[in-house]
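Report on the following structure.
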Amino acid sequence: MTGGPILAIDTSGTRALVALGSPEGVLIDERRWQAGYRHGEELLTRTDELLAATGVALAKLAGIVVGTGPGAFTGMRVGLATAKALARGLEIPIAGVATSEALLAAIGLDAGSQAVLLLPAGPSDRVVVFAGQATLVKGGEEPVIQAGAVLVAVDLPDRAPAEALALGANAEEGLSAALLRLGAIRIAAGGDDVARLVPEYVTLPRGIATVKGEVRWSRDLR
Numbered sequence: 007m008t009g010g011p012i013l014a015i016d017t018s019g020t021r022a023l024v025a026l027g028s029p030e031g032v033l034i035d036e037r038r039w040q041a042g043y044r045h046g047e048e049l050l051t052r053t054d055e056l057l058a059a060t061g062v063a064l065a066k067l068a069g070i071v072v073g074t075g076p077g078a079f080t081g082m083r084v085g086l087a088t089a090k091a092l093a094r095g096l097e098i099p100i101a102g103v104a105t106s107e108a109l110l111a112a113i114g115l116d117a118g119s120q121a122v123l124l125l126p127a128g129p130s131d132r133v134v135v136f137a138g139q140a141t142l143v144k145g146g147e148e149p150v151i152q153a154g155a156v157l158v159a160v161d162l163p164d165r166a167p168a169e170a171l172a173l174g175a176n177a178e179e180g181l182s183a184a185l186l187r188l189g190a191i192r193i194a195a196g197g198d199d200v201a202r203l204v205p206e207y208v209t210l211p212r213g214i215a216t217v218k219g220e221v222r223w224s225r226d227l228r
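The working numbering puts the first residue of the sequence shown at 7, with every later residue one more than the last.
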């Protein structure tokens with residue numbers, strides 16, 4: 007890998023982001039927007055805006071970092087497809103970083119503290135991520151939180167405690183920097199196999215069966 011900058015992309019939530027970082031993964035600049043469920047409509051435009059604003063040519067990128075979720079089907083497909091296309095076209099390494107891992111890293115909890123991440127899974131369901139494992143919580147049910155764990159809720163207005171939402175807002179604020187920091191380490195090690203890099207879904211299109219109490223990952227559908 008050369009010493010060029012790194013581009014990070016995350017489309018796992020209703021707010022999407024693109025960010026530019028140094029080869030060491032230090033945030034240079036970013037663009038965020040309320041994508042809703044229309045991630046594909048603005049992703050390339052926002053990327054072009056970011057590169058133009060920082061004076062970086064697309065061909066000068068040295069690596070791509072992409073958030074792999076958990077996230078909704080459409081957003082994850084758009085983000086992964088775009089990141090893979092850029093990596094292939096530019097012939098540069100790509101690194102997939104779990105968005106959940108980056109969100110928790112962005113909080114910077116004290117050593118020894120345990121965090122539980124709570125994410126949306128459609129209009130009524132939620133997903134609990136703890137120790138790298140995700141569990142689907144159906145609408146009307148309450149998540150089981152380990153005693154002493156810190157609850158962090160992201161993208162769940164009026165669906166989680168205020169303290170958890172405040173921590174989630176802090177995590178979202180630091181997501182770009184965390185993705186770049188974690189991704190730079192993976193890129194320096196050679197990155198991931200593009201063909202085997204898959205997103206983690208929390209919701210699937212109609213017609214694909216779901217399993218109660220489990221999150222169906224894209225790797226399970228291959």
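From the three backbone atoms N, C-alpha and C, an ideal C-beta is built for every residue, glycine too.
Those residues which DSSP pairs with residue i across a bridge
{"i": "ALA159", "result": "LEU124"}
{"i": "ILE70", "result": "LEU13, ILE100"}
{"i": "ARG21", "result": "GLN40"}
{"i": "VAL141", "result": "Val is not the amino acid found at residue 141; the sequence shown has Thr there. Its beta-bridge partners are VAL134."}
{"i": "LEU33", "result": "GLY27"}
Pairwise C-alpha distance: residue j and residue i
{"i": "GLY189", "j": "ALA127", "result": "25 Å"}
{"i": "GLY180", "j": "VAL150", "result": "26 Å"}
{"i": "ALA65", "j": "PRO163", "result": "40 Å"}
{"i": "ARG202", "j": "GLY42", "result": "27 Å"}
{"i": "LYS218", "j": "PRO29", "result": "Residue confidence for LYS218 is low, a pLDDT of 38 falling below 50, so the modelled location carries little weight and cannot support an answer."}
{"i": "ARG233", "j": "SER119", "result": "The structure shown does not extend to residue 233, since the chain is modelled only from 7 to 228, so the question has no answer here."}
{"i": "SER182", "j": "ARG52", "result": "14 Å"}
{"i": "LEU185", "j": "GLY146", "result": "32 Å"}
{"i": "ARG44", "j": "GLY114", "result": "31 Å"}
{"i": "GLY213", "j": "VAL200", "result": "Note on GLY213: pLDDT 45, under 50, position unreliable in the model; no value is reported."}
{"i": "ILE15", "j": "PRO205", "result": "13 Å"}
{"i": "ILE193", "j": "GLY102", "result": "9 Å"}
{"i": "GLU148", "j": "ALA59", "result": "44 Å"}
{"i": "LYS144", "j": "GLU107", "result": "23 Å"}
Close beta carbons around residue i, own chain, < 6 Å, minus the five adjacent residues each side
{"i": "ALA159", "result": "LEU124, ALA166, ALA170, LEU171, GLY174"}
{"i": "GLY31", "result": "LEU186, ARG187, ALA190"}
Contact set for residue i: own chain, Cβ-Cβ below 7 Å, skip 5 residues either direction
{"i": "GLU55", "result": "ARG37"}
{"i": "VAL62", "result": "PRO11, LEU26"}
{"i": "ASP161", "result": "GLY19, THR20, LEU125, PRO126"}
{"i": "LEU33", "result": "ALA25, GLY27, SER182, ALA183, LEU186"}
Neighbourhood of residue i by C-beta distance below 8 Å, restricted to the same chain and skipping five residues each side
{"i": "LEU67", "result": "GLY10, PRO11, ILE12, LEU13, LEU92, LEU96, ILE98"}
{"i": "GLU48", "result": "ALA22, TRP39, ALA41"}
CB-CB length for residue i against residue j, believed under 8 Å
{"i": "GLU72", "j": "LEU86", "result": "Checking the sequence, you will find Val at residue 72 rather than Glu. Indeed, because the Cβ distance is near 6 Å, the residues count as touching under 8 Å."}
{"i": "GLY156", "j": "VAL122", "result": "A small fix is needed here, since residue 156 is Val in this sequence, not Gly. That belief holds up - the Cβ atoms of VAL156 and VAL122 are roughly 7 Å apart, short of 8 Å."}
(Q) Quick check on the DSSP output: what are the complete alpha helix (DSSP H) runs of length 4 or more inside the stretch 149 to 208, in order along the chain? (A) Taking only runs of at least 4 residues, the alpha helix (DSSP H) segments lying wholly in the stretch 149 to 208 are 168 to 179, 181 to 194.
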